[in-house]
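Residue numbers (numbering that gives the first Met the number 0): 0 to 375.
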Amino acid sequence: MNKFTKEVMSVGEMASGAKLTVPVYAFKSEKSTAPNVYIQANMHGAEVQGNAVIFQLLELLQYCELQANITLVPYANPVACNHKNGEYTLGRFDPITGVNWNRMYHFDPSVIEPFVLQYIDASEDEIKIKFQQLLLTEIEQKLEHNLWGITTGQRIAYQLQRLAHQADIVLDLHTGPISSKHLYCPEYAKASAEYFDIEHTILIQNDFDGAMDEATFCPWWSLQKAYQASGRNFTMGQGAFKKESFTVELGSQEQIDLDVAKQDALSILSYLAYQGVVDNKQYQPQKMTRYACYLKDYKALYSPMGGMVDYLAEFGKPLAAGEPLARILRMDNYGDGEALHYVSLEQKVIPILHFASASVNQGTELYKVFCNYFEL
Ligand SMILES: [Zn+2]
0 MNKFTKEVMS VGEMASGAKL TVPVYAFKSE KSTAPNVYIQ ANMHGAEVQG NAVIFQLLEL
60 LQYCELQANI TLVPYANPVA CNHKNGEYTL GRFDPITGVN WNRMYHFDPS VIEPFVLQYI
120 DASEDEIKIK FQQLLLTEIE QKLEHNLWGI TTGQRIAYQL QRLAHQADIV LDLHTGPISS
180 KHLYCPEYAK ASAEYFDIEH TILIQNDFDG AMDEATFCPW WSLQKAYQAS GRNFTMGQGA
240 FKKESFTVEL GSQEQIDLDV AKQDALSILS YLAYQGVVDN KQYQPQKMTR YACYLKDYKA
300 LYSPMGGMVD YLAEFGKPLA AGEPLARILR MDNYGDGEAL HYVSLEQKVI PILHFASASV
360 NQGTELYKVF CNYFEL
């Protein structure tokens, strides 16, 4: 049976002096033949299911054959996690700055060129070690040697990123509002998407926008491209560049389902078995039709009008052109106008998620859908 360690990481202080902390669980393997893994959950306050998945993973990992280190962090953002308003958890945006909590990670692309110049002839192993050190030093500088200070959200994000940079595989567990399961996957890691029991994958490119998954793989992808331009060809996803990170969207916010969490934990173990992190043959992906689309084809449909929404379209099932996604009730028009308005699209799509409330303003993001999708 594998033993795990538990530490409490301090990520900030409240006005009263109360410490903001997150628990950090870690399995250390005596072997180091496989990529190290970092998994976190609940960066957005209402997206709680990942905590249950980490619970199930901790239960199962104690009985796995571990080939690498695995670090797990539930309740990654204690401010967002406790950000309640009435019955609801808010916690998608820092209430003081309005910035999305998952857009505060750090990557400065200007470090790439000087690094490649300095290590143009270095071995692949040396590149891996030195570049990882560079990324960690960058974070260290931000956290410990910054006279001007950093925001509350940056302090939380950078502490988590320091853990993530020490791993090769990063899983950031989120949920949609009301949502089916879906996966954000870097294009070069497409083959890995087939090992998660998730029917819908969004393929993303090498664009850094401040999210955890991008903050982990974009530096390495950019490094690989810079080496390529200098005449050294490394393959992203292999050797020193064996770096993969995913945002795993586990379903709907404000919900914990421990049985579904067990399924999600098995899905993650299937991926980790494929990567050689756990040496247990029983963890295999389920057979299912997996659909994917590129990020540019993952589109939001904004409500054409205000009103009360009856969401009609079923998640995950292809919806023919012209079929209604939703109908919007306008009681103010009843008797002297149109009380019901149907919303549809002129192309076939796969609905993935919709807004969490039935009442919407004109311009509310109603649905997000896959367009131009294909089978993986
Ligand atoms: Zn989220």
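We treat Cβ as the ideally placed atom computed from N, Cα and C, and that holds for glycine.
*Please find out if some non-hydrogen atom of ligand 1 comes closer than 7 Å to the beta-carbon of C105.*
Position 106 of the sequence shown, counted from the start, is the residue given in the question as residue 105. As written in the sequence, residue 105 is His, which differs from the Cys given in the question. Outside the cutoff, so no.
_Below 8 Å on the Cβ atoms is my contact criterion, and I expect F195 with S266 to pass it. Report the Cβ-Cβ distance as a whole number of Å._
The residue labelled residue 195 in the question sits at position 196 within the sequence shown. The residue labelled residue 266 in the question sits at position 267 within the sequence shown. Confirmed, Cβ separation roughly 5 Å.
*Please list, following the chain, all residues that have a C-beta closer than 5 Å to any non-hydrogen atom of ligand 1.*
H43, E46, H173
*Counting only the same chain and skipping the five closest in sequence on each side, list residues whose C-beta sits under 8 Å from that of G336.*
Position 337 of the sequence shown holds residue 336. Cβ neighbours of G336 beyond the five flanking positions: R329.
*asked:* Can you tell me which residues form a DSSP beta bridge with G306?
replied: Position 307 of the sequence shown, counted from the start, is the residue given in the question as residue 306. DSSP, once it has assigned bridges, lists V359 as partnering G306.
*Could I get the ranges of all uninterrupted beta strand (DSSP E) runs contained in the region 238-266, with 3 residues as the minimum, in chain order?*
243-251
*Looking only at DSSP bridge pairs, what is K5 linked to?*
Position 6 of the sequence shown, counted from the first residue, corresponds to residue 5. K5 is bridged to Y24.
*From the DSSP output, in three-state form, read off E46 for me.*
Here residue 46 is taken as the residue at index 47 of the sequence shown, counted from 1. E46: coil per DSSP, three-state reduction.
*In this structure, does DSSP put P350 in helix, strand or coil?*
Residue mapping note: residue 350 aligns to position 351 of the sequence shown, counting from 1. In this structure, P350 counts as strand in the three-state DSSP scheme.
*Would P108 be called buried (16 or more neighbouring beta carbons within 10 Å of its own) or exposed?*
Within the sequence shown, the letter at position 109 stands for residue 108. Counting Cβ neighbours within 10 Å, P108 comes out exposed, since fewer than 16 surround it.
*Does the Cβ of M42 have 16 or more other Cβ atoms within 10 Å, making it buried, or fewer, making it exposed?*
Locating residue 42 in the sequence shown gives position 43, where the first residue counts as 1. By the neighbour-count rule (16 or more Cβ atoms within 10 Å), M42 is buried.
*By how many angstroms is the C-alpha of D124 removed from the C-alpha of Y366?*
Residue mapping note: residue 366 aligns to position 367 of the sequence shown, counting from 1. Residue mapping note: residue 124 aligns to position 125 of the sequence shown, counting from 1. Taking the straight line joining both Cα atoms gives about 45 Å.
_Contact defined as beta carbons within less than 8 Å: I believe A210 pairs with L56. What is the distance between those atoms, to the nearest angstrom?_
Locating residue 210 in the sequence shown gives position 211, counting from the first residue. Locating residue 56 in the sequence shown gives position 57, counting from the first residue. In fact, because the Cβ distance is near 22 Å, the residues do not count as touching under 8 Å.
*Contact set for Y273: own chain, Cβ-Cβ below 6 Å, skip 5 residues either direction*: Here residue 273 is taken as the residue at index 274 of the sequence shown, counted from 1. Y194, listed in sequence order.
*Per DSSP, which residues does G230 bridge with? Please list them.*
Locating residue 230 in the sequence shown gives position 231, where the first residue counts as 1. G230 pairs with nothing; no bridge assigned.
*Would DSSP call C184 helix, strand or coil?*
On the sequence shown, position 185 is the one that residue 184 refers to. In this structure, C184 counts as strand in the three-state DSSP scheme.
*Assumed close pair Y290, I349 - CB separation to whole angstroms, cut-off 8 Å*: The residue you call residue 290 lines up with position 291 of the sequence shown. The residue you call residue 349 lines up with position 350 of the sequence shown. Their Cβ separation, rounded to whole angstroms, is 6 Å, which keeps Y290 and I349 in contact under 8 Å.
*Go ahead and label L271 buried or exposed: buried means 16 or more other beta carbons lie within 10 angstroms of its beta carbon, across all protein chains shown.*
What you label residue 271 is simply residue 272 of the sequence shown in a count that begins at 1. L271 should be labelled buried.
*How long is the line joining the alpha carbons of V308 and P77, rounded to whole angstroms?*
Translated into the one-based positions of the sequence shown, residue 308 becomes position 309. Translated into the one-based positions of the sequence shown, residue 77 becomes position 78. Near 33 Å, if we compare the C-alpha coordinates of P77 and V308.
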